[in-house]
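Peer 1: Shown below is the structure under consideration.
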Amino acid sequence: MFSLILIATFLVSASSNSNCPNRQAIEQSLNKVHIPGATIVVVNATSILYEDGFGYHSLLPTKIMDVKQSIFALASISKTFIAVAAMQLVEKELVDLDTDINQYLSEPDRKIFHPDFPTNPITLRKLL
8 MFSLILIATF LVSASSNSNC PNRQAIEQSL NKVHIPGATI VVVNATSILY
58 EDGFGYHSLL PTKIMDVKQS IFALASISKT FIAVAAMQLV EKELVDLDTD
108 INQYLSEPDR KIFHPDFPTN PITLRKLL
């Protein structure tokens, strides 16, 4: 969470003369809080507005951060993306929070249920 706030701060404090954040300020801040590297990607609905890598890919300063090549484990942050995507589907009325998720699955013969509560439907609301 701290890293996301840190990155958001850089984006907000970008130079008014440029669409790019101050690279030196980002690298200094990463060093100050002992973060070996970071990538920043800013997108809109149709395109990538800005992307760059800072520092190193790992704790060992052997591989420079490359926004096109570096791969990261998203860990718990993927839950946030899934929740946002699910709620966008709810907003578009393509799914309902309280409908049994089996209604949305492509294999009607294979039902998903909780083994301790097989008669209680699993809903999107419960999953989120």
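Number 135 marks the last residue of the sequence shown (the working numbering); no jumps. For each residue, glycine too, the CB sits at the ideal point set by N, CA and C. Keep in mind the model is a prediction, meaning the values are calculated, not measured.
Taking just the CA atoms, how far does residue 89 sit from residue 135?
Peer 2: Taking the sequence shown and counting its residues from 1, the one referred to as residue 135 is at position 128. Taking the sequence shown and counting its residues from 1, the one referred to as residue 89 is at position 82. When rounded, the distance between both Cα atoms is 9 Å.
Peer 1: One question on the structure: do residue 61 and residue 72 come within less than 7 Å of each other, judged by their Cβ atoms?
Peer 2: Counted from its first residue, the sequence shown places residue 61 at position 54. Counted from its first residue, the sequence shown places residue 72 at position 65. In contact: residue 61 and residue 72 (Cβ atoms closer than 7 Å).
Peer 1: Please name the residue, chosen from 30, 120 and 116, that lies closest to residue 47 on a Cα-to-Cα basis.
Peer 2: Position 40 of the sequence shown, counted from the first residue, corresponds to residue 47. It is 30.
Peer 1: Alpha carbon to alpha carbon, how far is residue 56 from residue 50?
Peer 2: Residue numbering aside, residue 56 sits at position 49 when the sequence shown is read from its first letter. Residue numbering aside, residue 50 sits at position 43 when the sequence shown is read from its first letter. Those two C-alpha atoms are separated by around 5 Å.
Peer 1: DSSP state of residue 100, grouped into three classes?
Peer 2: What you label residue 100 is simply residue 93 of the sequence shown in a count that begins at 1. It is coil, neither helix nor strand.
Peer 1: Residue 127 and residue 118 - do their beta-carbons sit closer together than 7 Å?
Peer 2: Position 111 of the sequence shown holds residue 118. Position 120 of the sequence shown holds residue 127. Contact: no.
Peer 1: Which term fits residue 33, buried or exposed, when burial requires 16 or more other beta carbons within 10 angstroms of its beta carbon?
Peer 2: Along the sequence shown, one-based indexing puts residue 33 at 26. Label assigned to residue 33: buried.
Peer 1: Going by alpha carbons, who is nearest to residue 133 out of 122, 104, 124 and 125?
Peer 2: Mapped onto the sequence shown, residue 133 falls at position 126. Among 122, 104, 124 and 125, the Cα nearest to that of residue 133 is on 104.
Peer 1: Quick one: Cα of residue 92 to Cα of residue 70, how far?
Peer 2: The count along the sequence shown starts at 1 and reaches residue 92 at position 85. The count along the sequence shown starts at 1 and reaches residue 70 at position 63. Rounded to the nearest angstrom, the two C-alpha atoms are 33 Å apart.
Peer 1: Here's the rule: buried if 16 or more other CB atoms are within 10 angstroms of the residue's CB, otherwise exposed. What is residue 41?
Peer 2: Here residue 41 is taken as the residue at index 34 of the sequence shown, counted from 1. Its Cβ having fewer than 16 others within 10 Å, residue 41 is exposed.
Peer 1: Could you pull the DSSP bridge partners for residue 47 from this structure?
Peer 2: For the purposes of this step, residue 47 is identified with residue 40 of the sequence shown, where counting begins at 1. 59, per the DSSP bridge assignment.
Peer 1: Is residue 23 helix, strand or coil by DSSP?
Peer 2: Translated into the one-based positions of the sequence shown, residue 23 becomes position 16. Summary for residue 23: the model assigns pLDDT 41, below 50, so the residue's position carries little reliability, and this model does not support an answer.
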